[in-house]
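A.B. asks:
In my numbering, the protein residues as written are 2 to 782.
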């Protein structure tokens, strides 16, 4: 909430979500949000707000107590629709994926529009497909605008004020050139006067910025890893791509920090004489932070929650109800100016007094980063014994659960890092201790499905969800600039190779009431081709299967080279027999193993134009190649193959009644090619306007501009699938491979068969199940 303390009502605006829920009452146990309320009676359709209504119409009289007084919500788009938004006893119905908005009741409708802010309902943050949402409070029309899901622009505050955008916003990824003056200055000094002229304060400007970026990235990876696997999650909701896009500029404040340090160095000669360390200066900085900085921040933060400032600035930060470590620094430029003025108090005071030091300043900035990241990491990690050993610590250090309540309740827990001022001014949320205890204790959960994947190339380490967030949110393209990070890629590979003794959790998603996880084998593509790695990889996969079976997981799907990738059919047979090795070794295995070949075949067949009479099959004798060729021959489509050896193997696996449509030819080349591992030379043999359709999980290298390339077999996921904010390898956003979807369908449908080895799910049955559960084809035949 924001603005005045007196709030007449909250308007639920936003989001189609399949579940039914209600707003969280202040100081109510948060687990109440998990329980579904009783069905709510349907209210009559609301009349559209009057477009000619004066913005300052007087408010209607308050309804009598204990009388139902619905709040009317109307969404205007190409398909105009209305939903009821309020009923007695504060029970609320949520329409799939609408956000929520809390409106206080100041004197005018304009003011109510200005103070629009996100509510304390811990809901998913996906945008609905509406550009304008009209909110009607009885007879007073209000209009709130929201960008659609397809709008990739970064959402700012609801009514952005001056100095909202960063000065280098238009530079995009070239924003780092703002640090060029520091680099040029340093190079000039070294070239003219030598390294001896570089003092400690100047020498640490750029390294300190790099260390801050590494520090923040470590927090991002740890937080994402813990929220995917840990039982200590605080807000058990998902985030979406919109939040990742909004928070991708988290390093802007680091650049600003570097520029401020550089300007201070140039304008204050005393900084050139700062010693490496002084204890008295460090103590003074700590006292100044605990006193003036924390006190002034507390009241500035409360001012930011007034509707005037909230709508123009602070609502941008509170758009993220489910926080990540970098959410802590996602603010408009104007806010950061004020924050740096506050944090400058201890640093400048030490410089003017004469007891400051370089390391004290660097450590103070590091302390701010550490506490910011910890407070927004969304999992509880502060051990209880710390407060038992030193009870006053509860007033001097907040916990992640303490600050999480500020993002869900809005009008409590305003403190920066020290809850002392919330206790003094009675703004501490009464649920703070209870939420801390519950988050620290946690609740174990068992996913119904696990998808087992692995890393592909060296750069894929960045592309994992626990890697670099902005890179993981985009399809993998192996751009040239990513090669600049090759030292980190090599380091991650060595660490995974040496210390990777088991699969690790990288993702946690939810569809309907089914929870799923993605595990990764700590190996790369090239390692699957090493003979001396075969046994190790088998052991890693086997260990993951047994671990899943012991936890009570229903389905485990094998992704990429963990199963029969059609690009490496022989390799997969050598590794584990397309999963058959584990089924035979453990006949009482309760978890179902799925390689997804049935759905992959179905998606592949649906990608072929219906009027096709001939196709060229360039693939080894794999399950999918055999099933696809058999299905096409059954439809009377001629399948042409070139290598005689592969043709003979495939023909022996197809029924005699269909084998007549399978033809060997080295000269006749149709314009539809089904390919797996094809090289550049073979691609150039295809005629113009050829349609290349991948038959494997690995994409084709696009070298022909006169041909069309389809995506690897995949489908768009349903809108109800939550916590999707990372792309699956090279696939677009909210798209999953058919092999992975097959495991989801196995769990949803309750199928009991293993789909591994030579066993294969009926393609039509798998396709029908996919369509029934909301998966959408990428291409139309």
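Yeah, the Cβ is synthetic: ideal placement off N, Cα and C, and Gly gets one too. Since we're looking at a predicted model, the values are computed, not measured.
Drop a sphere of 10 angstroms on the beta-carbon of residue 119, count the other beta-carbons inside from all chains shown, and report buried for 16 or more, exposed for fewer.
C.D. replies: Walking along the chain shown from the start, residue 119 turns up at place 118. Its pLDDT being 30, under 50, residue 119 is placed unreliably by the model, and nothing is read from it.
A.B. asks: Could I get the ranges of all uninterrupted alpha helix (DSSP H) runs contained in the region 244-290, with 4 residues as the minimum, in chain order?
C.D. replies: Qualifying alpha helix (DSSP H) stretches, in chain order: 253-268, 280-289.
A.B. asks: Pick from 470, 698, 629: whose alpha carbon is nearest that of residue 242?
C.D. replies: By 1-based counting over the chain shown, the position of residue 242 is 241. With distances taken between Cα atoms, residue 242 lies closest to 470.
A.B. asks: Look up residue 664 in the DSSP assignment and give the residues it is bridged to.
C.D. replies: Numbered from 1 along the chain shown, position 663 holds the residue referred to as residue 664. Beta-bridge pairing links residue 664 to 641.
A.B. asks: Go through the region 679-753 residue by residue and report every complete run of the alpha helix (DSSP H) that reaches 4 residues or more, in order.
C.D. replies: For the region 679-753, whole alpha helix (DSSP H) runs of length 4 or above, ordered along the chain, are 681-684, 739-750.
A.B. asks: I need the boundaries of the alpha helix (DSSP H) containing residue 543, first residue and last residue.
C.D. replies: In the chain shown, counting from the first residue as 1, residue 543 sits at position 542. It spans 535-552 - the alpha helix (DSSP H) in which residue 543 sits, taken as one unbroken run.
A.B. asks: Please classify residue 611 as buried or exposed, where buried requires at least 16 neighbouring CB atoms within 10 angstroms.
C.D. replies: Start at 1 with the first residue of the chain shown, and residue 611 comes out as number 610. Label assigned to residue 611: exposed.
A.B. asks: Buried or exposed, going by whether 16 or more other CB atoms sit within 10 Å of the CB of residue 487?
C.D. replies: Along the chain shown, one-based indexing puts residue 487 at 486. With fewer than 16 other Cβ atoms within 10 Å, it is exposed.
A.B. asks: How far does the alpha helix (DSSP H) with residue 494 in it reach, from first residue to last?
C.D. replies: As a working mapping, residue 494 is identified with position 493 in the chain shown. Residue 494 -> alpha helix (DSSP H) spans 487-500.
A.B. asks: Using the Cβ count rule (16 or more neighbours within 10 Å means buried), how would you classify residue 193?
C.D. replies: Position 192 of the chain shown, counted from the start, is the residue given in the question as residue 193. Result: exposed.
A.B. asks: Can you look up residue 301 in the DSSP assignment and give me helix, strand or coil?
C.D. replies: Working through the chain shown from its first residue, we reach residue 301 at position 300. In the structure shown, residue 301 sits in a helix (DSSP, three-state: H, G or I).
A.B. asks: Can you round the beta-carbon distance between residue 789 and residue 467 to whole angstroms, since I take them to be within the 8 Å contact cut?
C.D. replies: Residue 789 is absent from the structure shown; the chain starts at 2 and stops at 782.
A.B. asks: Terminal residues of the continuous beta strand (DSSP E) containing residue 673?
C.D. replies: Taking the chain shown and counting its residues from 1, one reaches residue 673 at position 672. Per DSSP, residue 673 belongs to the beta strand (DSSP E) from 673-676.
A.B. asks: In its own chain, which residues sit with a C-beta less than 6 Å from the C-beta of residue 437, not counting the 5 before and 5 after it?
C.D. replies: As a working mapping, residue 437 is identified with position 436 in the chain shown. Answer for residue 437: 400, 402, listed in chain order.
A.B. asks: If contact is defined by three or more beta carbon pairs under 8 Å, each pair taking one atom from either stretch, is the region 615-629 in contact with the region 737-756?
C.D. replies: Touching, no.
A.B. asks: In whole angstroms, what is the alpha-carbon distance linking residue 224 and residue 743?
C.D. replies: The residue labelled residue 224 in the question sits at position 223 within the chain shown. The residue labelled residue 743 in the question sits at position 742 within the chain shown. If I take the Cα positions, the gap works out to 29 Å.
A.B. asks: Can the beta-carbon of residue 286 be found less than 8 Å from the beta-carbon of residue 365?
C.D. replies: Indexing the chain shown from 1 puts residue 286 at position 285. Indexing the chain shown from 1 puts residue 365 at position 364. Yes, these two residues count as a Cβ contact at 8 Å.
A.B. asks: Given a threshold of 16 other Cβ atoms within 10 Å of its Cβ, counted over all protein chains shown, does residue 662 qualify as buried or as exposed?
C.D. replies: The residue given as residue 662 occupies position 661 in the chain shown. Answer is buried; the Cβ neighbour count reaches 16.
A.B. asks: Quick check: residue 1 and residue 310, are their CB atoms within less than 8 Å of each other?
C.D. replies: Residue coverage of the chain in this structure runs from 2 to 782, which leaves residue 1 outside it and unanswerable.
A.B. asks: Out of 203, 579, 229, point me to the one whose CA is closest to residue 521's CA.
C.D. replies: Taking the chain shown and counting its residues from 1, one reaches residue 521 at position 520. Checked all of 203, 579, 229; the closest Cα to residue 521 is 229.
A.B. asks: Roughly how many angstroms separate the alpha carbons of residue 480 and residue 463, rounded to a whole number?
C.D. replies: Counted from its first residue, the chain shown places residue 480 at position 479. Counted from its first residue, the chain shown places residue 463 at position 462. Straight-line Cα distance between these residues: approximately 12 Å.
A.B. asks: Using the C-alpha atoms, what's the distance from residue 339 back to residue 331?
C.D. replies: Walking along the chain shown from the start, residue 331 turns up at place 330. Walking along the chain shown from the start, residue 339 turns up at place 338. Their Cα atoms are separated by approximately 14 Å.
A.B. asks: Buried or exposed: which applies to residue 673, given that a residue is buried once 16 or more other Cβ atoms fall within 10 Å of its Cβ?
C.D. replies: As a first step, residue 673 must be located in the chain shown, where it is residue number 672. By the 10 Å Cβ count, residue 673 comes out buried.
A.B. asks: Can you name, in chain order, every residue of its own chain whose Cβ lies under 8 Å from the Cβ of residue 528, other than the five neighbours on each side?
C.D. replies: For the purposes of this step, residue 528 is identified with residue 527 of the chain shown, where counting begins at 1. Closer than 8 Å at the Cβ level, and outside the excluded window around residue 528, lie 498, 534, 538.
A.B. asks: Taking the alpha helix (DSSP H) that residue 629 belongs to, which residues open and close that run?
C.D. replies: Locating residue 629 in the chain shown gives position 628, where the first residue counts as 1. 624-635 is the extent of the alpha helix (DSSP H) around residue 629.
A.B. asks: Just to confirm the assignment, what range does the alpha helix (DSSP H) spanning residue 520 have?
C.D. replies: Taking the chain shown and counting its residues from 1, the one referred to as residue 520 is at position 519. Taken as a continuous stretch (DSSP letters only), residue 520 belongs to no alpha helix (DSSP H), being part of the beta strand (DSSP E) at 515-522.
A.B. asks: For the beta strand (DSSP E) holding residue 505, just list the boundary residues, first then last.
C.D. replies: To locate residue 505, count along the chain shown from 1; it is residue 504. Its beta strand (DSSP E) spans residues 505-512.
A.B. asks: Looking at residue 640: is its Cβ nearer than 8 Å to the Cβ of residue 630?
C.D. replies: Position 639 of the chain shown, counted from the first residue, corresponds to residue 640. Position 629 of the chain shown, counted from the first residue, corresponds to residue 630. Yes.
A.B. asks: Count Cβ pairs between the region 590-601 and the region 552-561 that sit closer than 8 Å; are there 3 or more?
C.D. replies: Touching, per the Cβ criterion.
A.B. asks: May I have the straight-line CA-CA distance separating residue 531 from residue 583, to the nearest angstrom?
C.D. replies: Your numbering for residue 531 matches position 530 in the chain shown. Your numbering for residue 583 matches position 582 in the chain shown. Computed Cα separation, rounded: 21 Å.
A.B. asks: For residue 451, report the span of its alpha helix (DSSP H) as first-last.
C.D. replies: Start at 1 with the first residue of the chain shown, and residue 451 comes out as number 450. From DSSP, residue 451 is part of no alpha helix (DSSP H) but of the beta strand (DSSP E) over 450-455.
A.B. asks: Determine the direct distance from the alpha carbon of residue 714 to that of residue 510, and round the result to whole angstroms.
C.D. replies: In the chain shown, the residue the question calls residue 510 occupies position 509. In the chain shown, the residue the question calls residue 714 occupies position 713. Distance between the alpha carbons of residue 510 and residue 714: 21 Å.
A.B. asks: Pairs of beta-carbons, one from the region 372-382 and one from the region 287-294, closer than 8 Å: are there three or more?
C.D. replies: Judged by Cβ distances under 8 Å, the region 372-382 makes no contact with the region 287-294, as fewer than three pairs qualify.
A.B. asks: Return the CA-CA distance between residue 187 and residue 219, expressed in angstroms with no decimal places.
C.D. replies: In the chain shown, counting from the first residue as 1, residue 187 sits at position 186. In the chain shown, counting from the first residue as 1, residue 219 sits at position 218. Between residue 187 and residue 219, the C-alpha separation is close to 29 Å.
A.B. asks: By DSSP, does residue 777 sit in helix, in strand, or in coil?
C.D. replies: Within the chain shown, the letter at position 776 stands for residue 777. Residue 777: strand per DSSP, three-state reduction.
A.B. asks: Can you give the Cα-Cα distance for residue 684 and residue 704, rounded to whole angstroms?
C.D. replies: Residue numbering aside, residue 684 sits at position 683 when the chain shown is read from its first letter. Residue numbering aside, residue 704 sits at position 703 when the chain shown is read from its first letter. Cα-Cα distance, rounded: 8 Å.
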